[in-house]
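Novice:
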Amino acid sequence: MQKTMSWRRPVLTILLCLLFTTQVYAMTTLPKGIIEIEEISAPPLTLNDMEGETYMLANSKGKWVFLHFWASWCGPCIKEMPTIQAITSNFENTKLQIILVNTAEDEDTIFSFMGTVAPDLNTLMDPDGLTTEDWQPRGLPSTYFVDPEGKLRYVALGGRPWNEGVYLDFLNGLLN
Amino acid sequence: MRSSLRSNTIQHNTFAVGGAPPTKTSVRQFSTIAATLLLISIDLAAAEKPAGPEIYEDSNLIMYVMTRTPEQLIAFYSARGFNQASVDAITERCFVFAMVENKAQGKLWLVLDDWQFINADNKSIDRINRADWNQVWRNTGLPQAKQSTFGWTQLPESRDLHQHEHVGGQLSLPWQNTPFKLVANFKTASDKSGPVRQVTFENLKCRKQ
Chain A
133 MQKTMSWRRP VLTILLCLLF TTQVYAMTTL PKGIIEIEEI SAPPLTLNDM
183 EGETYMLANS KGKWVFLHFW ASWCGPCIKE MPTIQAITSN FENTKLQIIL
233 VNTAEDEDTI FSFMGTVAPD LNTLMDPDGL TTEDWQPRGL PSTYFVDPEG
283 KLRYVALGGR PWNEGVYLDF LNGLLN
Chain B
162 MRSSLRSNTI QHNTFAVGGA PPTKTSVRQF STIAATLLLI SIDLAAAEKP
212 AGPEIYEDSN LIMYVMTRTP EQLIAFYSAR GFNQASVDAI TERCFVFAMV
262 ENKAQGKLWL VLDDWQFINA DNKSIDRINR ADWNQVWRNT GLPQAKQSTF
312 GWTQLPESRD LHQHEHVGGQ LSLPWQNTPF KLVANFKTAS DKSGPVRQVT
362 FENLKCRKQ
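Residue numbers (the numbering used here), protein chains in the order written: chain A, 133 to 308; chain B, 162 to 370.
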């Protein structure tokens, strides 16, 4: 019995070290297409969603925000949106909030698109496109990561397959 | 044509329309990305079959250029609710769609002011910039939301491209009745101090159909 315990402890220690190293690696090696950006305060953002509820980014302090700008006419947005829908359940009731912002389209277009491509998701609507322009994304789609202090930390270049392991690891890593 | 080093600082590559691209590797892959990213691709099915894009590729970058037909432009912007006066203003101009991907490790700078359009008389053609379009929209009464959509379909004035990042969009010129060429210069490195890469597309044409 004594002998069994004697090898279990170092093995457990090694496993814990490996787990810790993996977590650190996941956070220090960013997935393809995700870049760290200058840590500055996120621009303000207050918009209504499809149900008429008002969302204010300032109220998300204390959480990471996955802030995704999109439009229905943008090819990569169509491809990416289902991958966002696929991960939303993973982050319900966590400190990662997934927020979508449609850029400069009317309600009919937005409802039709979401009903077809991602029926489980809600989106904020930026009807005149001016909020999106304040954020100056590098194109559409574009995803920013705002940290719990309200600072911009990462941006995803173009569309990303968020439901793939390396991206899920990155998102989970934000919560650790 | 093969890429060549013109000087110590400028890498100069010319791809004449109709000629073979310098390399063929990854062209198919890039075409797939490009096709996905084509802003108006959704509406192209309704329009006349477009002529193929011109594609340049070397070890540092991929560039893709094609001119738009009025039918393609009408299909896209009318479907987005642009008023007739605005659509007419668009189709009176010559639209060039371009996409650039940076393959190299360092940054590649897309700066539209570093691009030159040159007509058959070897004279420079001035681009129609965003301020010019804003004036057009004031005259045509295009709502702000549509102006924003139009803006997102245009190439950014300036963008530092990370490795594997691509950017695509349109730029516009006054209508040209004769072929013209595009000489695209790209500064490199974060501080723009690296070698300038130059890609030329010859024999581009504004398309009536």
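Ideal Cβ positions, reconstructed from N, Cα and C, are used throughout, including at glycine.
Answer with yes or no whether the minimum CB distance from Arg141/A to chain B is below 8 Å.
Specialist: The residue given as residue 141/A occupies position 9 in the first sequence. For Arg141/A, the answer is no, since every Cβ of chain B falls outside 8 Å of its Cβ.
Novice: Using 8 Å as the limit for Cβ to Cβ distance, is Thr310/B near chain A?
Specialist: Reading the second sequence from its first residue, position 149 is the one you call residue 310/B. By this cut-off, Thr310/B is an interface position.
Novice: Our contact map puts Ala345/B next to Gln331/B with C-beta atoms below 8 Å; I'd like the distance itself, whole angstroms only.
Specialist: By one-based count along the second sequence, residue 345/B stands at place 184. By one-based count along the second sequence, residue 331/B stands at place 170. In fact, because the Cβ distance is near 14 Å, the residues do not count as touching under 8 Å.
Novice: Assign Lys353/B to one of three DSSP states: helix, strand, or coil.
Specialist: Stepping through the second sequence from its first residue, residue 353/B is reached at position 192. Correct three-state label for Lys353/B: coil.
Novice: When you check each C-beta in the segment 325 to 338 of chain B against every C-beta of chain A, which residues fall closer than 9 Å?
Specialist: His325, Glu326, His327, Val328, Gly329, Gly330
Novice: Taking the straight line between their C-alpha atoms, what separation do you get for Thr215/A and Pro293/A?
Specialist: Along the first sequence, one-based indexing puts residue 215/A at 83. Along the first sequence, one-based indexing puts residue 293/A at 161. Cα to Cα, the separation comes out at about 6 Å.
Novice: What distance in whole Å lies between the Cβ atoms of Arg291/B and Arg270/A, which are believed to be in contact at a cut-off of 8 Å?
Specialist: In the first sequence, counting from the first residue as 1, residue 270/A sits at position 138. In the second sequence, counting from the first residue as 1, residue 291/B sits at position 130. Wrong, their Cβ atoms sit about 17 Å apart, outside the cutoff.
Novice: Would you give the residue range spanned by the alpha helix (DSSP H) that Trp294/B belongs to?
Specialist: Locating residue 294/B in the second sequence gives position 133, counting from the first residue. DSSP places Trp294/B inside the alpha helix (DSSP H), whose first and last residues are 291 to 301.
Novice: Report the start-end ranges of each beta strand (DSSP E) in the segment 223 to 302 of chain B that is 3 residues or longer and not cut off at the edges.
Specialist: 255 to 263, 269 to 272, 276 to 280
Novice: Within 10 angstroms of its Cβ, does Ser164/B collect 16 or more other Cβ (buried), or is it exposed?
Specialist: Within the second sequence, the letter at position 3 stands for residue 164/B. With a pLDDT of 32 at Ser164/B, under the threshold of 50, the predicted position of this residue should be treated as unreliable, though the coordinate-derived value follows. That one is buried.
Novice: Residues in its own chain within less than 6 Å of Trp298/B by CB, not counting five upstream and five downstream?
Specialist: Along the second sequence, read from residue 1 onward, the residue named residue 298/B stands at position 137. For Trp298/B, where only same-chain residues beyond five positions count, the Cβ hits under 6 Å are Gln308.
Novice: Can you have a look at Thr193/B and say buried or exposed, based on whether 16 or more other CB atoms are within 10 angstroms of its CB?
Specialist: Indexing the second sequence from 1 puts residue 193/B at position 32. For Thr193/B, the pLDDT reaches just 47, beneath the cut-off of 50, and the residue's location in the model is therefore unreliable, although a value from the coordinates is still provided. Thr193/B is exposed by the Cβ-count criterion.
Novice: Looking at Lys164/A and Lys195/A, is the spacing between their C-beta atoms short of 8 Å?
Specialist: Counted from its first residue, the first sequence places residue 195/A at position 63. Counted from its first residue, the first sequence places residue 164/A at position 32. No, the pair does not count as a contact, with Cβ atoms beyond the cut-off.
Novice: Please confirm whether Pro208/A and Gly261/A have their CB atoms less than 8 Å apart.
Specialist: Here residue 208/A refers to the residue found at position 76 when the first sequence is read from its first residue. Here residue 261/A refers to the residue found at position 129 when the first sequence is read from its first residue. Not closer than 8 Å, so no.
Novice: Compute the distance between the beta-carbons of Val328/B and Leu316/B, then report whether it is under 8 Å.
Specialist: Position 167 of the second sequence, counted from the start, is the residue given in the question as residue 328/B. Position 155 of the second sequence, counted from the start, is the residue given in the question as residue 316/B. The Cβ atoms of Val328/B and Leu316/B sit closer than 8 Å to each other.
Novice: Roughly how many angstroms lie between the CA atoms of Val357/B and Leu322/B, to the nearest whole one?
Specialist: On the second sequence, position 196 is the one that residue 357/B refers to. On the second sequence, position 161 is the one that residue 322/B refers to. Using only the alpha carbons, I get a separation of about 14 Å.
Novice: Counting C-beta neighbours from all protein chains within 10 Å, is the total for Glu237/A 16 or more, i.e. buried, or is it exposed?
Specialist: Along the first sequence, read from residue 1 onward, the residue named residue 237/A stands at position 105. By the neighbour-count rule (16 or more Cβ atoms within 10 Å), Glu237/A is buried.
Novice: How far does the alpha helix (DSSP H) with Asn304/A in it extend, from its first residue to its last?
Specialist: If you number the first sequence from 1, residue 304/A lands on position 172. Where Asn304/A is concerned, the enclosing alpha helix (DSSP H) stretches over 297 to 307.
Novice: Got a sec? Which residues, its chain only, sit under 6 Å from Tyr225/B by beta carbon, not counting five neighbours each side?
Specialist: Residue numbering aside, residue 225/B sits at position 64 when the second sequence is read from its first letter. Answer for Tyr225/B: Ala195, Pro214, Ile216, Met260, listed in chain order.
Novice: What is the residue span of the beta strand (DSSP E) that Gly330/B lies within?
Specialist: Here residue 330/B refers to the residue found at position 169 of the second sequence. Element bounds for Gly330/B: 327 to 334.
Novice: Alpha carbon to alpha carbon, how far is Trp270/B from Ser351/B? Give it in angstroms, no decimals.
Specialist: Reading the second sequence from its first residue, position 190 is the one you call residue 351/B. Reading the second sequence from its first residue, position 109 is the one you call residue 270/B. Cα to Cα, the separation comes out at about 8 Å.
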